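A short worksheet on the structure shown next.
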Amino acid sequence: MDALLSSLVSIAFHGVAYGMVLYVISVGLSVTMGLMGFVNLAHGVFAMAGGYILTSSLGRFALPFPVAVGLAFLLVAIGSMALERGLYRHFYGAGELEQVLFTIGLIFMAVAIAQLVFGTLQQPVALPPWLKGQFPLLGRDFPAYRVFLIVVSGAMIAALWFGVERTLWGAMVRAAVDNRAMAQSIGINTRQLFALTFALGSGLAGLGGALGAEIIAVQPTYPFEHLIYFLTVVSVGGLGSLRGPFVAALFIGVSDTACKYWLPQFGAFFIYAATIAILLWRPTGLFGTRV
Amino acid sequence: MSETGYAASPRIRWTEWLPWLAGVAVFFLLPEYLLFGARILTYILFALSLDLIVGYAGIITLGHSAFFGAGAYVAGILAAKVKLTDPIVLLVAATVAAGVLGVTTGAVILRTRGLTQLMLTLAIAALCLEVANKATPITGGADGLSGVTIAPIFGLFRFDLFGKTAYLLCLVTLLAGWWLVRRLIYSPFGATLTGIRENSDRMHAIGAPVYRRLLAVYTISAMIAGVAGALSTETNQFVGLNVLGFEPSGELLVMLILGGVGRLYGAFVGPVVFLIAQDALAKQFPQFWYLGIGLMLVLVVLFARGGLLGLADALAARVRRSV
Numbered sequence: 007m008d009a010l011l012s013s014l015v016s017i018a019f020h021g022v023a024y025g026m027v028l029y030v031i032s033v034g035l036s037v038t039m040g041l042m043g044f045v046n047l048a049h050g051v052f053a054m055a056g057g058y059i060l061t062s063s064l065g066r067f068a069l070p071f072p073v074a075v076g077l078a079f080l081l082v083a084i085g086s087m088a089l090e091r092g093l094y095r096h097f098y099g100a101g102e103l104e105q106v107l108f109t110i111g112l113i114f115m116a117v118a119i120a121q122l123v124f125g126t127l128q129q130p131v132a133l134p135p136w137l138k139g140q141f142p143l144l145g146r147d148f149p150a151y152r153v154f155l156i157v158v159s160g161a162m163i164a165a166l167w168f169g170v171e172r173t174l175w176g177a178m179v180r181a182a183v184d185n186r187a188m189a190q191s192i193g194i195n196t197r198q199l200f201a202l203t204f205a206l207g208s209g210l211a212g213l214g215g216a217l218g219a220e221i222i223a224v225q226p227t228y229p230f231e232h233l234i235y236f237l238t239v240v241s242v243g244g245l246g247s248l249r250g251p252f253v254a255a256l257f258i259g260v261s262d263t264a265c266k267y268w269l270p271q272f273g274a275f276f277i278y279a280a281t282i283a284i285l286l287w288r289p290t291g292l293f294g295t296r297v
Numbered sequence: 008m009s010e011t012g013y014a015a016s017p018r019i020r021w022t023e024w025l026p027w028l029a030g031v032a033v034f035f036l037l038p039e040y041l042l043f044g045a046r047i048l049t050y051i052l053f054a055l056s057l058d059l060i061v062g063y064a065g066i067i068t069l070g071h072s073a074f075f076g077a078g079a080y081v082a083g084i085l086a087a088k089v090k091l092t093d094p095i096v097l098l099v100a101a102t103v104a105a106g107v108l109g110v111t112t113g114a115v116i117l118r119t120r121g122l123t124q125l126m127l128t129l130a131i132a133a134l135c136l137e138v139a140n141k142a143t144p145i146t147g148g149a150d151g152l153s154g155v156t157i158a159p160i161f162g163l164f165r166f167d168l169f170g171k172t173a174y175l176l177c178l179v180t181l182l183a184g185w186w187l188v189r190r191l192i193y194s195p196f197g198a199t200l201t202g203i204r205e206n207s208d209r210m211h212a213i214g215a216p217v218y219r220r221l222l223a224v225y226t227i228s229a230m231i232a233g234v235a236g237a238l239s240t241e242t243n244q245f246v247g248l249n250v251l252g253f254e255p256s257g258e259l260l261v262m263l264i265l266g267g268v269g270r271l272y273g274a275f276v277g278p279v280v281f282l283i284a285q286d287a288l289a290k291q292f293p294q295f296w297y298l299g300i301g302l303m304l305v306l307v308v309l310f311a312r313g314g315l316l317g318l319a320d321a322l323a324a325r326v327r328r329s330v
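The listed protein sequences derive, respectively, from chains A and B.
So in the working numbering, the last spot in the first sequence is 297, and the numbers never skip.
So in the working numbering, the last spot in the second sequence is 330, and the numbers never skip.
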């Protein structure tokens, strides 16, 4: 009985940590897709970039951990802004097929560049001593890094929700998601808003990739391998919503961990089956209002 | 070729015989490349099936490899485990299996649009990959399915080491597939598909049964992809996990875009150029190969949406104007 309980607690704990990271990575995708209707399959590239920035600033440059995480956010946000101005904006009015192909092209290039620069091996994460070891809580021991992940991601998510629900910028974003033409006609500079939101969303992906580098291995095939998870979070959660992807990410995190623990012989089978079932039941996702 | 689809004359132009002449010429002139040639022919058939739904019907899919893989695995499993080794029977079985998968998944995904549809095609392909990966006793899992032996065609033509029989089988099957796809495109059915791609609301308004037409073309496309998968099994006498998943679907899309999407012969040009370039370059410079593919994809989408054939058309039009 106690063994079952402790495995349940452990699955819930690891699952929540994983789900939080998935959410931080994917939430930007939900907002940019909801805002611009842009099918950005290359979103995982930003998360991978964040992971590489973290591992190399910890390993090669021996920077402190918080600085490395901050750098991952900042550099990815700036880089994505350049990409947005240079390439993405040419595709806003384009068809879905063009957007899909363009972003697949970006993935291919990113994978190749990652291989050229870092090689094909998984990058080791040199965690500082204060994040290693165990953290005692309610008579149980939890891995300190997972506790840190949950706390930091939780704080990020709270800040993001506050920003979207309570600030002027958030009100403008929500207005533009709901009705872009109307938002434009009352004087919201939607192009600038998109650019900023895109950079923020990509920066968050970079941050998520950096924080989650220990859970989701940083290697060149990252954007291909995890694409389906990021897209699942967004499509199951619902486009343009903040709450939906959060529920979806936690659901995926916990059930993926549970499946790997109890039914490793089935792999990711149940996740995919559940995704298909949910999308059939609610084609717009759990909290979405449109496709 | 300014007019396409229903508006164009369905008569076969003399240029359309050239690919087949080339195919026969390769058989006699380049006997050491026949296995590679069979691979190219298989991919052309696969690309044709994708062109039918992406180019003509406007259904965007990231999971077309599910049908190729289904055909490949059904043929492989029947040959290796059930000892059903007649190549023609295997082709038929793969067609039926891929068709059943196509009609059931199509019935589901074609009810949705946009991101949800894209996601469903991806999830179904991932599901198929996971099944093939984990059902090791049947599929061989990550090691692949070996022990596939194929009987001679009609009991007469043995599959030889040099791929002569395989090449001819692929060529004849491709001819049949090409004929079918060409007939479909130039039929009222094909015109309906183009209409749905351009404006599905209007097609609804004039009373076209949009959903049924899409389901029909999706199933046909799945069947053709299944045949291509079975051909690959018969040529290689082996099935690996790499026939399934996102990456083969993505690579096939790249080939189709390179050749020219929504044109019958884009599906011919793309795989030929892509696979020959891959054969020549990918082994020496694997990283640069992917970099090049990605760059090419971005450039094609930015500047040459008609692919290589589109570029050729534009060039021909410019030459005609200047003359």
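Each residue gets a CB set at the ideal place from its N, CA and C atoms; glycine is no exception.
Bear in mind that the values here come from a model prediction, so they are computed numbers and not experimental data.
Shortest alpha-carbon distance to residue i belongs to which of the options?
i, options, result
"residue 290 (chain A)", "A:216, A:17, A:175 and A:36", "A:36"
"residue 89 (chain B)", "B:146, B:65 and B:133", "B:146"
"residue 200 (chain B)", "B:217, B:190, B:188 and B:184", "B:217"
"residue 22 (chain A)", "A:156, A:141 and A:143", "A:156"
"residue 158 (chain A)", "A:216, A:87, A:147 and A:282", "A:216"
"residue 82 (chain B)", "B:234, B:290 and B:299", "B:234"
"residue 235 (chain A)", "A:53, A:203 and A:165", "A:53"
"residue 110 (chain B)", "B:223, B:277, B:260 and B:262", "B:223"
"residue 92 (chain B)", "B:60, B:161, B:283 and B:307", "B:161"
"residue 137 (chain B)", "A:283, A:279 and A:68", "A:279"
"residue 1 (chain B)", "B:268, B:279 and B:251", "Coverage of chain B is limited to positions 8 through 330, which leaves residue 1 (chain B) absent and any answer about it impossible."
"residue 66 (chain B)", "A:83, A:106, A:95 and A:129", "A:106"
"residue 285 (chain B)", "B:275, B:276, B:248 and B:297", "B:297"
"residue 173 (chain B)", "B:290, B:128, B:244 and B:189", "B:244"
"residue 1 (chain B)", "B:24, B:58, B:183 and B:41", "One cannot answer for residue 1 (chain B) here, as it falls past the ends of chain B, which runs 8 to 330."
"residue 75 (chain A)", "A:13, A:133 and A:203", "A:133"
"residue 130 (chain A)", "A:219, A:10, A:259 and A:286", "A:219"
"residue 24 (chain B)", "B:182, B:44 and B:203", "B:182"
"residue 263 (chain B)", "B:42, B:18 and B:47", "B:47"
"residue 229 (chain A)", "A:177, A:211, A:103 and A:26", "A:211"
"residue 219 (chain B)", "B:311, B:43, B:41 and B:118", "B:118"
"residue 207 (chain A)", "A:189, A:179, A:225 and A:96", "A:179"
The beta strand (DSSP E) with residue i in it runs from where to where?
i, result
"residue 143 (chain A)", "140-143"
"residue 146 (chain A)", "146-149"
So residue i packs on residue j, CB below 8 Å; how close in whole Å?
i, j, result
"residue 97 (chain B)", "residue 86 (chain B)", "6 Å"
"residue 7 (chain B)", "residue 79 (chain B)", "The requested residue 7 (chain B) does not occur in the structure, where chain B is confined to residues 8 to 330."
"residue 60 (chain A)", "residue 78 (chain A)", "5 Å"
"residue 31 (chain A)", "residue 214 (chain A)", "3 Å"
"residue 73 (chain B)", "residue 132 (chain B)", "4 Å"
"residue 130 (chain B)", "residue 281 (chain A)", "5 Å"
"residue 236 (chain B)", "residue 101 (chain B)", "6 Å"
"residue 116 (chain A)", "residue 51 (chain A)", "4 Å"
"residue 187 (chain B)", "residue 111 (chain A)", "That pair is no contact at about 31 Å."
"residue 55 (chain A)", "residue 82 (chain A)", "5 Å"
"residue 229 (chain B)", "residue 108 (chain B)", "6 Å"
With burial defined as no fewer than 16 other Cβ atoms inside 10 Å of the residue's Cβ, what is the status of residue i: buried or exposed?
i, result
"residue 114 (chain B)", "exposed"
"residue 270 (chain B)", "buried"
"residue 211 (chain B)", "exposed"
"residue 314 (chain B)", "buried"
"residue 42 (chain A)", "buried"
"residue 39 (chain B)", "exposed"
"residue 238 (chain A)", "buried"
"residue 330 (chain B)", "exposed"
"residue 27 (chain B)", "exposed"
"residue 287 (chain A)", "exposed"
What are the boundary residues of the alpha helix (DSSP H) that includes residue i?
i, result
"residue 211 (chain B)", "207-212"
"residue 58 (chain A)", "49-65"
"residue 310 (chain B)", "293-310"
"residue 241 (chain B)", "217-243"
"residue 268 (chain A)", "249-268"
"residue 279 (chain B)", "273-288"
"residue 43 (chain B)", "41-57"
"residue 183 (chain B)", "171-192"
"residue 293 (chain A)", "Where residue 293 (chain A) is concerned, there is no enclosing alpha helix (DSSP H), given that its DSSP letter is neither H nor E."
"residue 27 (chain B)", "25-36"
Is the Cβ of residue i closer than 8 Å to any Cβ of chain E?
i, result
"residue 121 (chain A)", "Of the chains in the structure shown, none is chain E; the protein chains are A and B."
Whole runs of the alpha helix (DSSP H) within the stretch 86-167 of chain B, excluding any shorter than 4 residues: 94-116, 121-141 and 143-146
Any alpha helix (DSSP H) of 4 or more consecutive residues that is wholly inside the stretch 79-145 of chain A: 102-124
In chain order, each alpha helix (DSSP H) run of at least 4 residues that lies wholly inside the stretch 184-247 of chain A: 186-191, 196-217, 228-231 and 233-243
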